[in-house]
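Chemist: Take 143 as the starting number for the sequence shown in our numbering and just add one per residue.
Glycine included, every Cβ here is placed at the ideal spot set by N, Cα and C.
Quantities reported herein were computed from a predicted structural model and do not represent experimental measurements.
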Amino acid sequence: MKKTSNDSLSKFISLILRHHPEVAYIQLDEHGWANVDQLLSGINRSGKKIDRQILEEIVRTDQKQRYSFSEDRTLIRANQGHSVPVDVELKEQKPPQILYHGTADRFYNSIKIEGLKPKGRLYVHLSKDIETAINVGKRHGKPIVLKILSGNMYQDGQAFYLSANGVWLTKKVDINYIELQT
Ligand code: HQG
């Protein structure tokens, strides 16, 4: 896919809205919202150039629909992926029988012992298709795909959430619900 000049700005926005709002001199509220005007001036103050039109374009064209505006468009937040403890009002939902998690082969030994943990984020991220999982895994190295018995987990009482951009989230996955997808 062609890299656009907005790509690095988009990564920066995701860093701000998920992990480090302080780099743009802003704070997120308890639901993960940032004030759009403050975000824009904070980014400009940090040395990068952005205006409302560029931000609107980044949000509209983002491949994974990572961000949402509030109805009146004065606020913006990331839909998922946070490490800062915010409540983005995720909807609890019954998951499909099977979900997938992409990771790198070098993590597998540890996962076999500990199960899946959220690591730096608030939730373990799962997808409903294998292709997405492969792409997620590639970010960390040689990808492997784990098949997650989400239907059984749900039956056993574990909560699942579906983010506004279609990512399935859960707090952890124990080893007895994980199979290696071949
Ligand atoms: C691994 C991207 C060893 C886990 C993606 C993963 C996703 C363990 C890594 C979203 C482990 C954490 C999230 C254990 C988990 N031992 N390794 N017990 N438990 N891990 O980046 O799922 O482009 O925090 O397998 O598309 O890779 O940012 O999570 O490899 O949706 O929007 O620890 O981020 O979206 O890595 O990715 P991450 P993830 P964005």
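With the cut-off set at 8 Å, would you say SER225 and GLY262 are in Cβ contact?
Modeler: By the CB criterion at 8 Å, SER225 and GLY262 fall inside the cutoff.
Chemist: Using alpha carbons as the reference points, say which of GLU321, VAL266, GLU231 and GLU256 lies closest to ALA306.
Modeler: GLU231
Chemist: For a test of the three-state rule: what should DSSP assign to ARG219, helix, strand or coil?
Modeler: strand
Chemist: Using the DSSP secondary-structure output, state which residues sit across from PHE302 in a beta bridge.
Modeler: Under the DSSP definition of a beta bridge, PHE302 lacks any partner.
Chemist: Here's the rule: buried if 16 or more other CB atoms are within 10 angstroms of the residue's CB, otherwise exposed. What is THR245?
Modeler: buried
Chemist: Could you give the distance in angstroms between the alpha-carbon of ILE286 and the alpha-carbon of ASN251?
Modeler: Rounded to the nearest angstrom, the two C-alpha atoms are 12 Å apart.
Chemist: Is the beta carbon of HIS243 closer than 8 Å to that of VAL266?
Modeler: Cβ distance < 8 Å, so VAL266 and HIS243 count as in contact.
Chemist: Would the beta-carbon of GLY293 fall within 8 Å of that of PRO237?
Modeler: yes
Chemist: Around the C-beta of PRO227, are 16 or more other C-beta atoms found within 10 angstroms, so that it is buried, or is it exposed?
Modeler: exposed
Chemist: Quick one: does the C-beta of LEU258 sit closer than 7 Å to a heavy atom of the ligand HQG?
Modeler: Yes, the beta carbon of LEU258 sits closer than 7 Å to at least one heavy atom of the ligand HQG.
Chemist: Report yes if the C-beta of VAL278 is less than 7 Å from at least one heavy atom of the ligand HQG; otherwise report no.
Modeler: At least one heavy atom of the ligand HQG lies less than 7 Å from the C-beta of VAL278.
Chemist: Report the residue from LYS206, LYS313 and LEU291 whose alpha carbon sits nearest the alpha carbon of VAL278.
Modeler: LYS206
Chemist: Return the CA-CA distance between ASP298 and LEU241, expressed in angstroms with no decimal places.
Modeler: Distance between the alpha carbons of ASP298 and LEU241 is about 16 Å.
Chemist: Where does THR324 fall in DSSP's three states?
Modeler: coil
Chemist: For ARG194, count neighbouring Cβ atoms within 10 angstroms of its own Cβ and tell me buried if that reaches 16, exposed if not.
Modeler: exposed
Chemist: Could you pull out every unbroken beta strand (DSSP E) segment of at least 3 residues lying fully inside the stretch 174-215, listed in chain order?
Modeler: 209-211
Chemist: My output table needs one value for TYR242: the three-state DSSP class, helix, strand or coil.
Modeler: strand
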